[in-house]
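Residue numbers for the sequence shown, in this note's numbering: 1230 to 1440.
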Amino acid sequence: MHLNNTTVIHPQYVAKDRSSNGMPPYDPTNGLSERITKETWSCTYCKRTTVELVWWKKPEVEEADFVEVIRRTVHPEAIPRTLQPEVPEAIRSLFHEAARTEAAGAMRLAGAGYRAVVEEICKDQGATGKTLYNKITELSSRLPPDVIDALHETRMVGNDSLHDGLAYSGEELADIAELVTEVVLVLYVQPAQRAAMAAARAARRASGQSA
């Protein structure tokens, strides 16, 4: 990627030359502790353009430079994640809501949303524990260890978001979303695909015998 240009879009100033009355020229950075810039990037391979908004904050240290706090892609618009039709509707609906908040950059809400997806998965799988931890643990007797680990990891991120207000990065939430996607692949998508293939083989077998 190649950075084409960076533009400060907040705060905006009208530059004024005050040198005529003995004052130094107007400096819009004086006293500025936060700013937002717009960065335009172009891919050196496909030539497509990406636009990002970047939030910067100046540390409370003398002569310290601005540090990046948040970076969000605004073009092209992020496409929310989806789940396959083999997944039960209640789970897909919650997942899509969480994915939309993730795409909008609301990471704490996304963390809570993906936790809600895990709770719905446990409910669909027949878990009856009093807490989400107990419900997930209850399923450990019939689900692979990696699936249980993924459910617990999503639960903990959701708890951090709900109870501690902890905002994970976009990359960290993307990893959680991928964990949930892998869980439903194991629990719903692959079994449905195997059942469909078995049905197709049975139909072919039946047609061959009748012939």
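Built from N, CA and C at the ideal position, the CB exists for glycine as well. Every value quoted in this text rests on a predicted model; they were computed, and no experiment measured them.
Tell me whether residue i sits in a helix, a strand or coil according to DSSP, three-state version.
| i | result |
| --- | --- |
| T1273 | coil |
| V1418 | helix |
| V1290 | coil |
| T1266 | strand |
| I1238 | strand |
| V1376 | helix |
| M1331 | According to the sequence provided, residue 1331 is Glu. The question's Met does not apply to it. The answer is helix: DSSP assigns E1331 an H, G or I state. |
Measure the C-alpha to C-alpha separation of residue i and residue j and round it to an integer number of angstroms.
| i | j | result |
| --- | --- | --- |
| D1375 | L1408 | 10 Å |
| V1316 | A1341 | 20 Å |
| Y1397 | T1330 | 13 Å |
| V1283 | H1325 | 26 Å |
| V1347 | A1293 | 43 Å |
| H1231 | R1277 | 11 Å |
Exposed or buried, residue i, counting other C-beta atoms within 10 Å across all chains shown (16 or more means buried)?
| i | result |
| --- | --- |
| G1387 | buried |
| E1289 | exposed |
Under 7 Å, do residue i and residue j count as touching if we go by C-beta distance?
| i | j | result |
| --- | --- | --- |
| F1389 | L1395 | The question names Phe, yet the displayed sequence has Asp at residue 1389. Cβ distance < 7 Å, so D1389 and L1395 count as in contact. |
| T1266 | N1233 | no |
| A1379 | V1418 | no |
Which two residues bound the contiguous beta strand (DSSP E) that contains residue i?
| i | result |
| --- | --- |
| E1297 | V1296 to H1304 |
Starting from residue i, trace the alpha helix (DSSP H) in both directions and tell me its first and last residue.
| i | result |
| --- | --- |
| I1405 | G1399 to V1413 |
| G1358 | No alpha helix (DSSP H) holds G1358; DSSP gives it neither H nor E. |
| I1308 | Looking at the DSSP string, I1308 is not in any alpha helix (DSSP H), and its letter there is neither H nor E. |
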